[in-house]
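Novice:
Below you can see the structure in the form of structure tokens.
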């Protein structure tokens, strides 16, 4: 059964001055489907998310909505630790959205229950963990039930437990029929969201075709090490499915699939990368 198209970009381009960030982007967002955007830092992922959300105008091309009442919820890549409770913050955001007081109160209670934050609804957000802040970030985007939920790096900086909780919540949102468009670095998370994955390279969008998981694809590796940051962009070009993030200790944490093992490790070492630890893992373990 074909899902209903909610929003379509047709040959959409975006320029800042003379610099073209996105070129001839065509994409359809459909009900109940998850679409993942991947690409290196500065590739234009955030620009595309804001373009889809209607926050910035297109330089050329078209942005077409299935109907004028389409609600799009947008989460930026981070939410500050505000000096208010999540209830106060969501009340403020709901008032901006024009939601009636009684309806808004019920909606805020529903969202706290859905994201398991009932016990923290009157705690100042200055005391929130990164995971709690990210949940609140998604909650504000859902204060008016969205047809499309747009997420900019929703898992960035989260520990494994917080990632699992947010992933479970997003799957439930998707199962209820909400379309999700997210910029996600980690291919493992992209696969768990059962998504259509696209890459942005040199301002252009291309579809990534992912075959069903085999035993080899389920196995992945986590490398903790050190490497010159200037070399990471080169490795990203060679191995686009490998992900990189910094640890609190200043080391780099690199995640890569089994299929990249024999190609990535020699290249990493040749480029001067240092290996502190290398751990074999399995998806879902």
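Residue numbers (UniProt numbering): 1 to 285.
Note that beta-carbon positions come from the ideal geometry of N, C-alpha and C, so glycine has one too.
Considering Cα atoms alone, identify which of 131, 276, 142 and 23 is closest to residue 167.
Specialist: 131
Novice: Whole angstroms is fine: what's the gap from residue 148's alpha carbon to residue 235's?
Specialist: 33 Å
Novice: Locate the alpha helix (DSSP H) running through residue 196, then write down its first and last residues.
Specialist: Here residue 196 belongs to no alpha helix (DSSP H); instead the beta strand (DSSP E) covers 196-201.
Novice: Are residue 183 and residue 144 close, meaning C-beta to C-beta below 8 Å?
Specialist: no
Novice: Which of the three DSSP states, helix, strand or coil, is assigned to residue 126?
Specialist: helix
Novice: With 16 as the cutoff for other CB atoms within 10 Å, does residue 45 come out buried or exposed?
Specialist: buried
Novice: What separation, rounded to the nearest whole angstrom, lies between the Cα atoms of residue 128 and residue 20?
Specialist: 39 Å
Novice: Given this structure, state the Cα-to-Cα distance separating residue 111 from residue 139, to the nearest angstrom.
Specialist: Roughly 6 Å between the two C-alpha positions.
Novice: State buried or exposed for residue 85, treating a residue as buried only when at least 16 other CB atoms are found within 10 Å of its CB.
Specialist: buried
Novice: Buried or exposed for residue 116, please, with buried defined as at least 16 other CB atoms from any protein chain shown within 10 angstroms of its CB.
Specialist: exposed
Novice: Would you identify the three-state DSSP class for residue 96, choosing helix, strand or coil?
Specialist: helix
Novice: What are the uninterrupted segments assigned as beta strand (DSSP E) that are 3 or more residues long and contained completely in the segment 34-91, given in chain order?
Specialist: 34-38, 60-65 and 72-75
Novice: Are residue 193 and residue 36 close, meaning C-beta to C-beta below 8 Å?
Specialist: Yes, they are a contact pair.
Novice: Within the same chain, show all residues whose beta-carbon is closer than 7 Å to that of residue 264, passing over the 5 residues directly before and after it, in chain order.
Specialist: 239, 242 and 256
Novice: Rounded to whole angstroms, what's the CA-CA distance from residue 89 to residue 156? Just pull it up for me.
Specialist: 22 Å
Novice: If you reduce the DSSP assignment to three classes, tell me which class residue 155 lands in.
Specialist: Under the three-state reduction of DSSP output, residue 155 falls in the coil class, being neither helix nor strand.
Novice: Just to confirm my understanding: we take residue 280, look at its own chain, exclude 5 residues before and 5 after, and list those with CB closer than 7 Å. What are they?
Specialist: 219 and 221
Novice: Are the beta-carbon atoms belonging to residue 114 and residue 169 less than 8 Å from one another?
Specialist: yes
Novice: Bridge partners for residue 226 per DSSP, in chain order?
Specialist: DSSP, once it has assigned bridges, lists 274 as partnering residue 226.
Novice: Provide the residue span of the beta strand (DSSP E) that contains residue 184, from first to last.
Specialist: Per DSSP, residue 184 belongs to no beta strand (DSSP E) and is neither H nor E.
Novice: For the candidate residues 233, 245, 259 and 258, whose alpha-carbon lies nearest to that of residue 271?
Specialist: 233
Novice: Rounded to the nearest angstrom, what separates residue 108 and residue 246 at their Cα positions?
Specialist: 34 Å
Novice: Name the one or two DSSP bridge partners that residue 172 has.
Specialist: For residue 172, which the question treats as bridged, DSSP gives no partner whatsoever.
Novice: If I follow the unbroken alpha helix (DSSP H) through residue 235, where does it start and stop?
Specialist: 232-238
Novice: Looking at residue 30: is its Cβ nearer than 8 Å to the Cβ of residue 179?
Specialist: yes
Novice: Assign residue 265 to one of three DSSP states: helix, strand, or coil.
Specialist: helix
Novice: Here's the rule: buried if 16 or more other CB atoms are within 10 angstroms of the residue's CB, otherwise exposed. What is residue 276?
Specialist: exposed
Novice: For my contact list, residue 11 and residue 24 are in at a C-beta cut-off of 8 Å; report their separation, rounded to the angstrom.
Specialist: Rounded, the Cβ-Cβ distance is 5 Å, consistent with contact.
Novice: Cα-Cα, which of 259, 172, 269 and 237 is closest to residue 226?
Specialist: That would be 269, whose Cα lies nearest to the Cα of residue 226.
Novice: Under 7 Å Cβ to Cβ from residue 93, same chain only, skipping five residues before and after it: list those, please.
Specialist: 140 and 143
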